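A.B. asks: Below is one structure. I have some questions about it.
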Ligand SMILES: Nc1ncnc2c1ncn2[C@@H]1O[C@H](COP(=O)(O)OP(=O)(O)OP(=O)(O)O)[C@@H](O)[C@H]1O
Ligand SMILES: [Mg+2]
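This is the structure in structure tokens:
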């Protein structure tokens, strides 16, 4: 297992037409290098999740090629997909278990990840006793145990409240700066996109194409107050403008 | 991950969440007033016994009272007379053994078939229609065949149990194994889980609630199978079906009613036992068990 993989993800001329004829993605080409955090924003149903499924290998694209090291690929799904019969602790341990790690190591990885997402104290709760946002955080913790070099996030914080979301954004950013993975993030929140990313891509309505690209110039670490600066507002406004164009 | 010092602002947050999750937990095991729960069935039972007396003494003349003996006579002659009661218990135990063996076999066969069908769509297409057909044959129609092949002893009775208990186990297990979310399957695919790992860690646990629902039905059916089988196959140990038959033939009304009541009690016990096992095994994480 090579820890220092290239940790990059590259889409080349990716196209996806589902068997029923739905064209979800058209000619998507971009690269996410190690140390880059790229966010895709776009209208609902434009093919963002499809893009991540292609990246992870869950879907075969009908056109183009993906280049990525899928060993320890981190992928936070749009739904929490926790196993109901496992406690939070055992859910978070799952991936390490599937990769055959010894019990002690699994447990310490899980404990650390649970702490990171702020679920300490809930280790022995079953998913049915968690709120939607807490489930999502458990799901994030589960992926964290992999320490993935390439990290895919599909709207992980869509179901959490504003304040929690800001906390989790900071935490994600902190992980990104310490781990330096290649991150591909999906969200509907422009402010979340700008806050987290080194680059934001705007996708058009179906069939999804990348119609605009924004470099986000802010240095890391970024503080919550960044959201209220003029520069932040200006970039957000431009992205919002592009998105409105993308809708039609 | 050097995040230990930075987690504090976040770990503050669940404190607010503790409240609602805690109240959720309190609300889950509904502790209701035992009087409210116990009183209605007791009162209704009293009503039924009253009606029973009314039929025995009010409607039936003396010489036709053997049709429905009053409750206290049933208790005296059926339950308090040890010679009779031990006879009933022995027969009941004999049938219970048959039902248990039949159920265990049905579980083994049913689960194995369901697991095979869950692993390959082709196997499901090949096997399932025959299971439906088997289910559709009225058991009475195959009784002669069973006696031809298996005789009139315990074996034949067990076969009846297996045949009628099999279907719910197959259907529920198969349905349960197929009930795991697509997303969870994706997760296992993503991490190259083997077929066996997927079955053990995902499909089987996901199937447990359905499996238990099937078990409860099948256990009840197996008891019925044991009693029915006993009616038809007269050789070997006397089961509760034979007992009931003989009491009826001899017009021993009190003993007959006692035997019927004990058979019902067996059915209820089986149902409750499986309900109890179910809540022990999956009650912690599954909502609709209890
Ligand atoms: N398996 C499938 N078969 C056919 N069409 C599909 C399939 N999966 C997705 N689609 C279609 O492809 C399009 C893109 O779906 P996708 O889930 O990628 O959207 P999305 O951008 O993630 O939307 P959202 O923001 O609402 O999550 C949608 O129109 C969807 O209906
Ligand atoms: Mg999506």
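Chains as they are written, first to last, in this note's numbering: chain A, 6 to 253; chain B, 4 to 293. The beta-carbon is built from N, C-alpha and C at its ideal position, and this holds for glycine as well. Keep in mind it's a predicted model, so treat the numbers as computed, not measured.
How many whole angstroms separate the CB atoms of residue 126 of chain B and residue 119 of chain B, which I take to be in contact at a CB cut-off of 8 Å?
C.D. replies: Position 123 of the second chain, counting from 1, holds the residue named residue 126 of chain B. Position 116 of the second chain, counting from 1, holds the residue named residue 119 of chain B. Yes, residue 126 of chain B and residue 119 of chain B are in contact; Cβ-Cβ is about 5 Å, under 8 Å.
A.B. asks: Would you list the residues whose beta-carbon is nearer than 7 Å to any heavy atom of ligand 2, in the order they occur in the chain?
C.D. replies: Any residue whose Cβ sits closer than 7 Å to a heavy atom of ligand 2 makes the list: A:53, A:54, A:83, A:159, A:160 and A:191.
A.B. asks: Please say whether residue 103 of chain B and residue 116 of chain B have beta carbons closer to each other than 8 Å?
C.D. replies: In the second chain, residue 116 of chain B corresponds to position 113, counting from 1. In the second chain, residue 103 of chain B corresponds to position 100, counting from 1. The answer is no: Cβ separation not under 8 Å.
A.B. asks: Quick one: does residue 176 of chain B have its CB under 8 Å from some CB of chain A?
C.D. replies: Against the second chain, residue 176 of chain B aligns to sequence position 173. For residue 176 of chain B, the answer is no, since every Cβ of chain A falls outside 8 Å of its Cβ.
A.B. asks: For the 8 Å Cβ check, are there 3 or more pairs between the segment 49 to 66 of chain A and the segment 84 to 100 of chain A?
C.D. replies: Not touching, per the Cβ criterion.
A.B. asks: Cα-Cα, which of A:244, A:208, A:237 and A:12 is closest to residue 79 of chain A?
C.D. replies: On the first chain, position 74 is the one that residue 79 of chain A refers to. The candidate whose alpha carbon is nearest that of residue 79 of chain A is A:12.
A.B. asks: Under the criterion of a Cβ to heavy atom distance below 7 Å, does residue 29 of chain A qualify as lining ligand 1?
C.D. replies: The residue you call residue 29 of chain A lines up with position 24 of the first chain. For ligand 1, at least one heavy atom lies less than 7 Å from the Cβ of residue 29 of chain A.
A.B. asks: In chain order, what residues of the same chain lie with their CB nearer than 7 Å to the CB of residue 265 of chain B, ignoring the 5 residues before and after it?
C.D. replies: If you number the second chain from 1, residue 265 of chain B lands on position 262. If we look at residue 265 of chain B and ignore the five residues flanking it on each side, its Cβ neighbours are 91 and 95.
A.B. asks: Can residue 164 of chain B and residue 244 of chain B be called in contact, C-beta distance under 8 Å?
C.D. replies: Along the second chain, read from residue 1 onward, the residue named residue 164 of chain B stands at position 161. Along the second chain, read from residue 1 onward, the residue named residue 244 of chain B stands at position 241. Their beta carbons are not under 8 Å apart, which means residue 164 of chain B does not touch residue 244 of chain B by this criterion.
A.B. asks: Can you pull the chain C neighbours of residue 84 of chain B, defined as C-beta to C-beta under 9 Å?
C.D. replies: Judged by its chain identifiers, the structure shown contains no chain C, and its protein chains are A and B.
A.B. asks: What does the Cβ neighbour count give for residue 290 of chain B, buried or exposed, with the cut at 16 atoms within 10 Å?
C.D. replies: Numbered from 1 along the second chain, position 287 holds the residue referred to as residue 290 of chain B. Counting Cβ neighbours within 10 Å, residue 290 of chain B comes out exposed, since fewer than 16 surround it.
A.B. asks: Who are residue 204 of chain A's beta bridge partners in DSSP?
C.D. replies: The residue given as residue 204 of chain A occupies position 199 in the first chain. The partner list for residue 204 of chain A (beta bridge, DSSP) reads A:43 and A:220.
A.B. asks: Between which two residues does the alpha helix (DSSP H) harbouring residue 148 of chain A extend?
C.D. replies: Residue mapping note: residue 148 of chain A aligns to position 143 of the first chain, counting from 1. 137 to 149 is the extent of the alpha helix (DSSP H) around residue 148 of chain A.
A.B. asks: At the 8 Å Cβ level, is residue 30 of chain B part of the contact set with chain A, yes or no?
C.D. replies: Start at 1 with the first residue of the second chain, and residue 30 of chain B comes out as number 27. In this prediction, residue 30 of chain B scores a pLDDT of 41, lower than 50, which makes its location untrustworthy; no coordinate-derived value is stated.
A.B. asks: If you compare alpha carbons, which of B:282, B:177, B:257 and B:270 is closest to residue 84 of chain B?
C.D. replies: Within the second chain, the letter at position 81 stands for residue 84 of chain B. The shortest Cα separation from residue 84 of chain B among B:282, B:177, B:257 and B:270 belongs to B:257.
A.B. asks: Below 6 Å CB to CB, which residues in the same chain sit around residue 247 of chain A once its five sequence neighbours on both sides are set aside?
C.D. replies: Along the first chain, one-based indexing puts residue 247 of chain A at 242. Result list for residue 247 of chain A: 207 and 217, in chain order.
A.B. asks: If the cut-off is 9 Å on Cβ atoms, which residues from the segment 62 to 76 of chain A count as contacting chain B, listed in chain order?
C.D. replies: Within the segment 62 to 76 of chain A, the residues whose Cβ lies closer than 9 Å to some Cβ of chain B are 62, 63 and 75, listed in chain order.
A.B. asks: Please list, in chain order, all residues of the same chain as residue 139 of chain A whose beta carbon is under 8 Å from its beta carbon, the five residues on each side excluded.
C.D. replies: Position 134 of the first chain, counted from the first residue, corresponds to residue 139 of chain A. Same-chain partners within the cutoff: 124 and 127.
A.B. asks: Over the uninterrupted beta strand (DSSP E) stretch that includes residue 31 of chain A, give me the two end residues.
C.D. replies: Walking along the first chain from the start, residue 31 of chain A turns up at place 26. Unbroken beta strand (DSSP E) run through residue 31 of chain A: 28 to 37.
A.B. asks: Would you mind stating whether residue 46 of chain A and residue 244 of chain A have Cβ atoms separated by less than 8 Å?
C.D. replies: Your numbering for residue 46 of chain A matches position 41 in the first chain. Your numbering for residue 244 of chain A matches position 239 in the first chain. Yes, they are a contact pair.
A.B. asks: For residue 212 of chain A, which of A:32, A:14 and A:17 has the nearest alpha-carbon?
C.D. replies: Numbered from its first residue, the first chain carries residue 212 of chain A at position 207. Considering only alpha carbons, the answer is A:32.
A.B. asks: Following a CB-centred definition, is residue 211 of chain A positioned closer than 7 Å to any heavy atom of ligand 1?
C.D. replies: Your numbering for residue 211 of chain A matches position 206 in the first chain. Yes, the beta carbon of residue 211 of chain A sits closer than 7 Å to at least one heavy atom of ligand 1.
A.B. asks: Mind checking whether the beta-carbon of residue 51 of chain A lies closer than 7 Å to any heavy atom of ligand 1?
C.D. replies: Stepping through the first chain from its first residue, residue 51 of chain A is reached at position 46. Yes, the Cβ of residue 51 of chain A comes within 7 Å of a heavy atom of ligand 1.
A.B. asks: My guess is that residue 93 of chain A and residue 16 of chain A are in contact by the Cβ rule of under 8 Å, so how many angstroms apart are they, rounded?
C.D. replies: The residue given as residue 93 of chain A occupies position 88 in the first chain. The residue given as residue 16 of chain A occupies position 11 in the first chain. Not confirmed; about 34 Å, so no contact.
A.B. asks: Is residue 194 of chain A near residue 42 of chain A, with beta carbons less than 8 Å apart?
C.D. replies: Taking the first chain and counting its residues from 1, the one referred to as residue 194 of chain A is at position 189. Taking the first chain and counting its residues from 1, the one referred to as residue 42 of chain A is at position 37. No, they are not a contact pair.
A.B. asks: From residue 206 of chain B to residue 88 of chain A, what distance separates their C-alpha atoms?
C.D. replies: Here residue 206 of chain B refers to the residue found at position 203 when the second chain is read from its first residue. Here residue 88 of chain A refers to the residue found at position 83 when the first chain is read from its first residue. Rounded to the nearest angstrom, the two C-alpha atoms are 10 Å apart.
A.B. asks: Heavy atom of ligand 4 less than 7 Å from the Cβ of residue 47 of chain A, yes or no?
C.D. replies: Because ligand 4 does not appear in the structure shown, any question about it cannot be addressed here, the ligands present being ligand 1 and ligand 2.
A.B. asks: Per DSSP, residue 157 of chain A is paired with what?
C.D. replies: Mapped onto the first chain, residue 157 of chain A falls at position 152. BP columns for residue 157 of chain A point to A:80 and A:189.
A.B. asks: Ignore the nearest five residues each way along the sequence and tell me which others in residue 215 of chain B's own chain have a CB closer than 8 Å to its CB.
C.D. replies: If you number the second chain from 1, residue 215 of chain B lands on position 212. Counting only Cβ-Cβ distances below 8 Å, and skipping sequence neighbours, we find 277, 280, 281, 284, 285 and 292.
A.B. asks: For residue 256 of chain A, which residues in the same chain have their Cβ closer than 6 Å to its Cβ, ignoring the five residues on either side in sequence?
C.D. replies: What is shown of chain A runs 6 to 253, which leaves residue 256 of chain A out entirely.
A.B. asks: What is the rounded straight-line gap between the Cα of residue 209 of chain B and the Cα of residue 231 of chain A?
C.D. replies: Within the second chain, the letter at position 206 stands for residue 209 of chain B. Within the first chain, the letter at position 226 stands for residue 231 of chain A. Going by the C-alpha atoms only, they are around 45 Å apart.
A.B. asks: CB of residue 35 of chain A to nearest heavy atom of ligand 1: below 7 Å?
C.D. replies: Translated into positions along the first chain, residue 35 of chain A becomes position 30. The answer is no for residue 35 of chain A.
A.B. asks: Closest to residue 184 of chain B by CA distance: which of A:106, A:24 and A:82 is it?
C.D. replies: Walking along the second chain from the start, residue 184 of chain B turns up at place 181. Comparing Cα-Cα distances from residue 184 of chain B to each of A:106, A:24 and A:82, the minimum goes to A:82.
A.B. asks: Relative to the C-alpha of residue 77 of chain A, which residue among A:238, A:187 and A:196 is closest?
C.D. replies: Working through the first chain from its first residue, we reach residue 77 of chain A at position 72. Minimum Cα distance to residue 77 of chain A is reached at A:187.
A.B. asks: Would you kindly work out how many angstroms separate the C-alpha atoms of residue 132 of chain A and residue 54 of chain B, rounded to a whole number?
C.D. replies: Translated into positions along the first chain, residue 132 of chain A becomes position 127. Translated into positions along the second chain, residue 54 of chain B becomes position 51. Cα-Cα distance, rounded: 50 Å.
A.B. asks: Quick one: measure Cβ to Cβ for residue 134 of chain B and residue 170 of chain B, integer angstroms, because I've assumed they're closer than 8 Å.
C.D. replies: Here residue 134 of chain B corresponds to residue number 131 of the second chain, with the count starting at 1. Here residue 170 of chain B corresponds to residue number 167 of the second chain, with the count starting at 1. Contact flag correct, Cβ pair sits at about 6 Å.
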